[in-house]
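Colleague:
2 protein chains.
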Amino acid sequence: MNEQGTVSASVVSGGNRERGIDRVLTLFAYLNGRGRPVRVADLPKALGAPRSTIYEIVRVLTEAGMLEVSGDDNRVYFGRAMYLYGINYFRDNELIRRGSSEVEALSKMTGETSELCVLNRNRQAIIHTHPGSRPMRISSEVGSQFPIPWTASGRLLLSHMTPAEIRDLIEPEDLVLPDRRVVDIEGFIVECLAARGKSIVITRGLINSFSQCLAVPILGMHGEVQATICFVLPIDVTDEQRAVLQEHLIASGRKLSMHE
Amino acid sequence: MNEQGTVSASVVSGGNRERGIDRVLTLFAYLNGRGRPVRVADLPKALGAPRSTIYEIVRVLTEAGMLEVSGDDNRVYFGRAMYLYGINYFRDNELIRRGSSEVEALSKMTGETSELCVLNRNRQAIIHTHPGSRPMRISSEVGSQFPIPWTASGRLLLSHMTPAEIRDLIEPEDLVLPDRRVVDIEGFIVECLAARGKSIVITRGLINSFSQCLAVPILGMHGEVQATICFVLPIDVTDEQRAVLQEHLIASGRKLSMHE
DNA sequence: GATTGCTGTCCGATATACCAGACAAAACCT
DNA sequence: AGGTTTTGTCTGGTATATCGGACAGCAATC
Numbered sequence: 001m002n003e004q005g006t007v008s009a010s011v012v013s014g015g016n017r018e019r020g021i022d023r024v025l026t027l028f029a030y031l032n033g034r035g036r037p038v039r040v041a042d043l044p045k046a047l048g049a050p051r052s053t054i055y056e057i058v059r060v061l062t063e064a065g066m067l068e069v070s071g072d073d074n075r076v077y078f079g080r081a082m083y084l085y086g087i088n089y090f091r092d093n094e095l096i097r098r099g100s101s102e103v104e105a106l107s108k109m110t111g112e113t114s115e116l117c118v119l120n121r122n123r124q125a126i127i128h129t130h131p132g133s134r135p136m137r138i139s140s141e142v143g144s145q146f147p148i149p150w151t152a153s154g155r156l157l158l159s160h161m162t163p164a165e166i167r168d169l170i171e172p173e174d175l176v177l178p179d180r181r182v183v184d185i186e187g188f189i190v191e192c193l194a195a196r197g198k199s200i201v202i203t204r205g206l207i208n209s210f211s212q213c214l215a216v217p218i219l220g221m222h223g224e225v226q227a228t229i230c231f232v233l234p235i236d237v238t239d240e241q242r243a244v245l246q247e248h249l250i251a252s253g254r255k256l257s258m259h260e
Numbered sequence: 261m262n263e264q265g266t267v268s269a270s271v272v273s274g275g276n277r278e279r280g281i282d283r284v285l286t287l288f289a290y291l292n293g294r295g296r297p298v299r300v301a302d303l304p305k306a307l308g309a310p311r312s313t314i315y316e317i318v319r320v321l322t323e324a325g326m327l328e329v330s331g332d333d334n335r336v337y338f339g340r341a342m343y344l345y346g347i348n349y350f351r352d353n354e355l356i357r358r359g360s361s362e363v364e365a366l367s368k369m370t371g372e373t374s375e376l377c378v379l380n381r382n383r384q385a386i387i388h389t390h391p392g393s394r395p396m397r398i399s400s401e402v403g404s405q406f407p408i409p410w411t412a413s414g415r416l417l418l419s420h421m422t423p424a425e426i427r428d429l430i431e432p433e434d435l436v437l438p439d440r441r442v443v444d445i446e447g448f449i450v451e452c453l454a455a456r457g458k459s460i461v462i463t464r465g466l467i468n469s470f471s472q473c474l475a476v477p478i479l480g481m482h483g484e485v486q487a488t489i490c491f492v493l494p495i496d497v498t499d500e501q502r503a504v505l506q507e508h509l510i511a512s513g514r515k516l517s518m519h520e
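So the protein sequences, as listed, match chains A and B. Residue 94 in the numbering used here sits at position 94 of the first sequence, with consecutive numbering throughout. Residue 448 in the numbering used here sits at position 188 of the second sequence, with consecutive numbering throughout.
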């Protein structure tokens, strides 16, 4: 899935055709990965697609409201229809809806930042979050996505996989933490396997040096990890404080799980 | 903008082919309109598309996470990817973001239900809402969409259009109110034209007999109505109460507008 | 002001995605 | 049970959507 489409494309010449729908999905994934509006003229290179195709696709998707093009510098991004459609998912998905209100309740009760997370291919996505009341916030925005090795939730979300599957899923760049330290893949795999069946997983100092993450699984009908809830805490909370928070968190996880 | 181009399309023959991307967009619109998961097997009839095409499209979209298929009875609905993509829109769209927090502020300040609305083809969509503190709530859910003639916001959102455009946009069934009364299209057009340039529009007893709607426009750079904010109030608030609410609402509208 | 590069639009050829229809399996009837 | 309908999968042929490339309009550079 990486962008390999360099010069050598001339060799095969003919067989480069692709369905419109596939181009569309690639485009969506690319925009989501970039996280900011992209100039239409840059898309053909970025996606390895012909210019005429891209312009046509963008035109159709814009008319449908799935994308929006900013008037002045012709940058595309997700449109209102995508938002409205996505809201349906949120409203109708029992797990997400219950998890979100649980996250809010947790944060209001404890004053700490909590998040509801799911696996999205090779990223951990934040479905919902509620900021804590601490003066210094350590929170992420809804919709942001992290490399899995950065978080405690990530270890839980991969806990049902085999080492081979994990190795296949994790890209080399995912192992690089924000401060440039590199996570050892073998150690990471061991941590994921160890997370299986655990009621809570804690990571300290991964995303930054001054926070820690407490995550619990939300289990589906067959015991699989559907999602996680986590607290993002300062690294220096006392053991007593953490013990209380753990208890709340584990209770919430149980409450949302279909399976003990 | 309708697909009228094929003049000679002989009555029966093969001219029924359509692009995958168009099928996909139709499918999305249909699911959104239905508002609940739909059985895959029903889609071909509902969309007028060949079965093999639908099954293929659903497969691809499901793999990409744009749709989800419930395991037991094979119903499709919007998937997590749609939600995550849509969140990007929410996060990055300045108007929506500012409007949403304004709506929350308005509701917290006044205790009334307020909503942020935009035009979505021939529907008025609720982008964000915050319930009031009244014992009896009259609120809609985020993402729900109404026929334009039902609301005060709708009159503002169409106020820049010509009578012909309005006539073209409004479907006959949009004119039927929830209680079966029918809105007169000519009168509605007059109301839309009258809304042009107005700082506030009020409708009473349209969606139901016990509520009224106060809406103000959010104007873009060229004076066009980009969105509206509105209060949903009981029909029997006093004139003094309404005067105060109007003032707040108009102030919020001005604050979010690019243009006086 | 000539040159170069970039952007967006348009058009014809052809590779292929869509469609019709056959088939199997399950569900639903008498 | 036996027949009928519904559901999901698969395959080959053909209408057509995609792609390459040409073109015109701008902008930037020399």
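Don't be surprised by glycine CBs; every beta carbon is placed ideally from N, CA and C.
Can you look up residue 18 of chain A in the DSSP assignment and give me helix, strand or coil?
Modeller: Residue state, collapsed to three classes: coil.
Colleague: For residue 111 of chain A, I'd like the list of residues in its chain whose CB is within less than 8 Å of its CB, leaving aside the five on either flank, ordered along the chain.
Modeller: Close CB contacts of residue 111 of chain A within its chain, under the 8 Å cut and outside five residues either way in sequence, are with 132, 133 and 134 (chain order).
Colleague: Which residue marks the beginning of the beta strand (DSSP E) containing residue 380 of chain B, and which one marks its end?
Modeller: 373 to 380
Colleague: Only counting the same chain, and skipping five residues up and downstream in sequence, which positions put a Cβ closer than 8 Å to that of residue 151 of chain A?
Modeller: 117, 124, 203, 206, 207, 213, 215 and 230
Colleague: Less than 7 Å between C-beta atoms, sequence neighbours within five positions excluded: which residues of the same chain meet that for residue 382 of chain B?
Modeller: 408, 429, 430, 431 and 434, listed in sequence order.
Colleague: Of all Cβ atoms in chain B, is any one closer than 8 Å to the Cβ of residue 115 of chain A?
Modeller: no
Colleague: Measure the Cβ-Cβ separation of residue 37 of chain A and residue 77 of chain A and say whether it is below 8 Å.
Modeller: yes
Colleague: What does a CB cutoff of less than 6 Å around residue 66 of chain A pick up in its chain, not counting 5 residues either side in sequence?
Modeller: 79, 81 and 82
Colleague: Looking at chain B, is there any beta carbon in it that lies within less than 8 Å of the beta carbon of residue 219 of chain A?
Modeller: Chain B, which has no Cβ nearer than 8 Å to the Cβ of residue 219 of chain A, makes this no.
Colleague: In chain order, what residues of the same chain have a beta carbon less than 7 Å from the beta carbon of residue 120 of chain A, not counting five sequence neighbours either side?
Modeller: 145
Colleague: By the three-class DSSP mapping on this structure, what secondary structure does residue 164 of chain A have?
Modeller: helix
Colleague: Is residue 170 of chain A helix, strand or coil by DSSP?
Modeller: coil
Colleague: Assign residue 266 of chain B to one of three DSSP states: helix, strand, or coil.
Modeller: Residue placement at residue 266 of chain B is flagged as unreliable, the pLDDT there being 29, under the threshold of 50; a coordinate-derived value is accordingly withheld.
Colleague: Can you name the residues of chain B whose CB is closer than 7 Å to the CB of residue 80 of chain A?
Modeller: 349, 378 and 380
Colleague: Between residue 344 of chain B and the ligand ADP, is the CB less than 7 Å from at least one heavy atom?
Modeller: Ligands are entirely absent from the displayed structure, and the ligand ADP is therefore not among its contents.
Colleague: Any beta carbon of chain A sitting closer than 8 Å to that of residue 288 of chain B?
Modeller: Yes, residue 288 of chain B lies at the interface with chain A (some Cβ there is under 8 Å from its Cβ).
Colleague: Does the Cβ of residue 349 of chain B have 16 or more other Cβ atoms within 10 Å, making it buried, or fewer, making it exposed?
Modeller: By the Cβ neighbour-count rule, residue 349 of chain B is buried, with 16 or more other Cβ atoms within 10 Å of its own.
Colleague: Can you have a look at residue 522 of chain B and say buried or exposed, based on whether 16 or more other CB atoms are within 10 angstroms of its CB?
Modeller: Nothing can be reported for residue 522 of chain B, as the shown portion of chain B is limited to 261 through 520.
Colleague: What are the start and end residues of the alpha helix (DSSP H) that includes residue 443 of chain B?
Modeller: Segment: none, residue 443 of chain B is in no alpha helix (DSSP H) and carries neither H nor E.
Colleague: For residue 232 of chain A, which of A:186, A:201, A:91 and A:163 has the nearest alpha-carbon?
Modeller: Closest option to residue 232 of chain A, Cα to Cα, is A:201.
Colleague: Along the stretch 394 to 419 of chain B, what residues have a CB closer than 7 Å to any CB found in chain A?
Modeller: 401, 402 and 403
Colleague: Taking C-alpha atoms, which residue in A:163, A:32 and A:18 lies nearest to residue 57 of chain A?
Modeller: A:18
Colleague: How would you label residue 312 of chain B, buried or exposed, when you count the other beta carbons within 10 angstroms and need 16 or more for buried?
Modeller: exposed
Colleague: Residues of chain A with CB closer than 9 Å to the CB of residue 371 of chain B, please, in chain order.
Modeller: Ordered by position in chain A, no residue passes the 9 Å Cβ test against residue 371 of chain B, which lies about 20 Å from the chain.
Colleague: Using beta-carbon positions only, say whether residue 16 of chain A and residue 39 of chain A come within less than 8 Å of one another.
Modeller: no
Colleague: With a floor of 4 residues, list each alpha helix (DSSP H) that falls wholly inside the stretch 460 to 504 of chain B, ordered by position along the chain.
Modeller: Taking only runs of at least 4 residues, no alpha helix (DSSP H) segment lies wholly in the stretch 460 to 504 of chain B.
Colleague: Assuming residue 402 of chain B contacts residue 87 of chain A (C-beta within less than 8 Å), just tell me the rounded distance between them.
Modeller: 6 Å
Colleague: Taking 6 Å as the limit between beta carbons, can you name the residues of its chain near residue 153 of chain A, skipping five residues before and five after?
Modeller: 117, 124, 215, 228 and 230.
Colleague: Looking at chain B, is there any beta carbon in it that lies within less than 8 Å of the beta carbon of residue 19 of chain A?
Modeller: yes
Colleague: Quick check on the burial criterion: 16 or more other C-beta atoms within 10 angstroms. Buried or exposed for residue 389 of chain B?
Modeller: buried
Colleague: Closer than 8 Å by beta-carbon distance: list the chain B residues that pair up with residue 46 of chain A, in chain order.
Modeller: Ordered by position in chain B, no residue passes the 8 Å Cβ test against residue 46 of chain A, which lies about 17 Å from the chain.
Colleague: When you compare only the Cα positions, how much space is there between residue 98 of chain A and residue 447 of chain B?
Modeller: Near 44 Å, if we compare the C-alpha coordinates of residue 447 of chain B and residue 98 of chain A.
Colleague: Please compile the residues from chain A whose C-beta is within a distance smaller than 7 Å of the C-beta of residue 324 of chain B.
Modeller: 25
Colleague: Going by DSSP, name the residue or residues bridged to residue 78 of chain A.
Modeller: A:67
Colleague: In angstroms, rounded to a whole number, what distance separates the CA positions of residue 505 of chain B and residue 373 of chain B?
Modeller: 11 Å
Colleague: Determine the burial state of residue 261 of chain B: buried for a count of at least 16 other Cβ atoms within 10 Å of its Cβ, exposed for fewer.
Modeller: Note that residue 261 of chain B has pLDDT 32, beneath the 50 cutoff, so the model's placement of it is unreliable and the number below is only indicative. Exposed is the call here.
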